[in-house]
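Residue numbers (the numbering used here): 2 to 274. The beta carbon of each residue, even a glycine, is placed where N, CA and C say it ideally should be. In this text the structure is predicted, and so the values were computed from the model without any measurement. This report concerns only the one structure given below.
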Amino acid sequence: MPRSRSNMVRKDACLIQLFLAASLHLWDLLPQLCQDCFDAGCCIAEVRGCVRHLVAVAGYTSSLAATKHLCKAQLLPEDVPGKSGGPPGNAFELVYISVTDAVRRAVHKVDPVLADWIRVHLYGDVYSSPGLDMKQKQLLMVAFLGQANMLEEMSGHALAGMRFGVSLEACRQALDLGFDWHLQRLNPSAQQDAQQVQQQAQAALQKAVERFDSKYAADRPHESQVTIPDPTSVRSAIKQGMNKSALHQPSAIASGLKVPQAMPLEGAQPAKQ
Numbered sequence: 002m003p004r005s006r007s008n009m010v011r012k013d014a015c016l017i018q019l020f021l022a023a024s025l026h027l028w029d030l031l032p033q034l035c036q037d038c039f040d041a042g043c044c045i046a047e048v049r050g051c052v053r054h055l056v057a058v059a060g061y062t063s064s065l066a067a068t069k070h071l072c073k074a075q076l077l078p079e080d081v082p083g084k085s086g087g088p089p090g091n092a093f094e095l096v097y098i099s100v101t102d103a104v105r106r107a108v109h110k111v112d113p114v115l116a117d118w119i120r121v122h123l124y125g126d127v128y129s130s131p132g133l134d135m136k137q138k139q140l141l142m143v144a145f146l147g148q149a150n151m152l153e154e155m156s157g158h159a160l161a162g163m164r165f166g167v168s169l170e171a172c173r174q175a176l177d178l179g180f181d182w183h184l185q186r187l188n189p190s191a192q193q194d195a196q197q198v199q200q201q202a203q204a205a206l207q208k209a210v211e212r213f214d215s216k217y218a219a220d221r222p223h224e225s226q227v228t229i230p231d232p233t234s235v236r237s238a239i240k241q242g243m244n245k246s247a248l249h250q251p252s253a254i255a256s257g258l259k260v261p262q263a264m265p266l267e268g269a270q271p272a273k274q
């Protein structure tokens, strides 16, 4: 499986920016960033999947707050199913493959209850939900975990992404987007420390590339379709009274914070500022 050298597609970059802004609680930016996602070709399911995936890094409260802001702006007009309850999906096994048991044991040593929550609820429900594919989910995780200085975890998700067919260039662009959002919110002295972390993150990504090349380069892209044992556990949460005509109405950015870019991106012009 030779590594793809294609750049990140525009809609994935827009989803990452929406994800990062919500994880940083930049609520006023969300309507325009959501509109940018639609303009780049995202469907409702991808945007809802992106906002729901915040649970993985920022918790339920942040995911719920982001959803409320976008619903208030009438930007999430359609019902989108999600995995909830029942036997867990196999996203955990897809991400960690041969080291699944080792990862489970390591987390179990830290906190057995937390380990079960992560496997059963986070990966079994949130990570196994439809909306985003597994490649997109890895890019979101790379963008967040790098700037959060969780480099071992970032490297693992980058490796999983490359096994699923994500290019190295796309992983690098996701990593850069994460730091772009993070750095601009820091004072100059703090930026120096963050830039050192960025260099360490780039080195960690390179190690993930080397591991990919040594173990998986000869393979075809690995299976990335989540298996859900009980299809009835994919449920809907119907929203009433949403104005579907609002889908393409522009929303003003109420904050002066700059929206970072990571270019070049495949098949698109730079995003609106």
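Of the residues the options, the one placed nearest residue i, counting alpha carbons only
i	options	result
V235	S129, T62, A161	S129
A218	P189, G166, A195, E170	G166
H54	L77, I17, P189, A191	I17
V81	A204, E154, G132, V227	G132
I98	A57, L123, L160, R173	L160
A202	V114, Y61, V143	V143
Q207	L184, A59, C172, V227	C172
L169	S190, A209, L184, L152	A209
G87	A59, V58, G42, D126	D126
V221	P189, A116, R164	The identity of residue 221 in the sequence shown is Arg, whereas the question assumes Val. Of the candidates P189, A116, R164, the one whose C-alpha sits nearest the C-alpha of R221 is R164.
W118	M9, L34, A57	A57
CB-CB length for residue i against residue j, believed under 8 Å
i	j	result
L31	L19	7 Å
C51	L141	7 Å
D134	S24	Actually they are not in contact, since the Cβ atoms of D134 and S24 sit about 20 Å apart, beyond 8 Å.
G162	Q139	3 Å
I45	L77	7 Å
Y124	F93	4 Å
Nearest-angstrom Cα separation, counted from residue j out to residue i
i	j	result
K84	A74	25 Å
S63	D214	37 Å
H223	G157	15 Å
D194	N150	11 Å
A22	W182	8 Å
S246	G90	Reliability of the predicted coordinates at S246 is poor, the pLDDT of 39 falling under 50, and no value is obtained from them.
D40	C72	18 Å
Q36	E47	13 Å
C15	Q174	12 Å
G147	M155	6 Å
Q241	E211	Low per-residue confidence applies at Q241: pLDDT is 39, beneath 50, and the placement is therefore not dependable, though the value from the model is reported in the following sentence. The alpha-carbon atoms of Q241 and E211 are separated by roughly 50 Å.
P113	R106	9 Å
H70	A205	35 Å
V111	P230	28 Å
V121	R186	35 Å
R11	L176	15 Å
D29	A67	10 Å
V227	Q137	13 Å
E153	V104	12 Å
G42	V96	26 Å
D102	P189	43 Å
D13	L34	12 Å
G60	V100	25 Å
Boundaries (first-last residue) of the alpha helix (DSSP H) holding residue i
i	result
I17	11 to 24
T62	60 to 73
V211	Correcting the residue identity first, residue 211 is Glu in this sequence and not Val. From DSSP, the alpha helix (DSSP H) with E211 extends over 189 to 216.
Q226	Taken as a continuous stretch (DSSP letters only), Q226 belongs to no alpha helix (DSSP H), as it is neither H nor E.
P32	31 to 40
E45	It is worth fixing the name first, because residue 45 is Ile in this sequence and not Glu. Element bounds for I45: 45 to 53.
Do the stretch 197 to 204 and the stretch 168 to 188 touch if we need at least three Cβ pairs shorter than 8 Å? Flag = yes, the stretch 197 to 204 and the stretch 168 to 188 touch.
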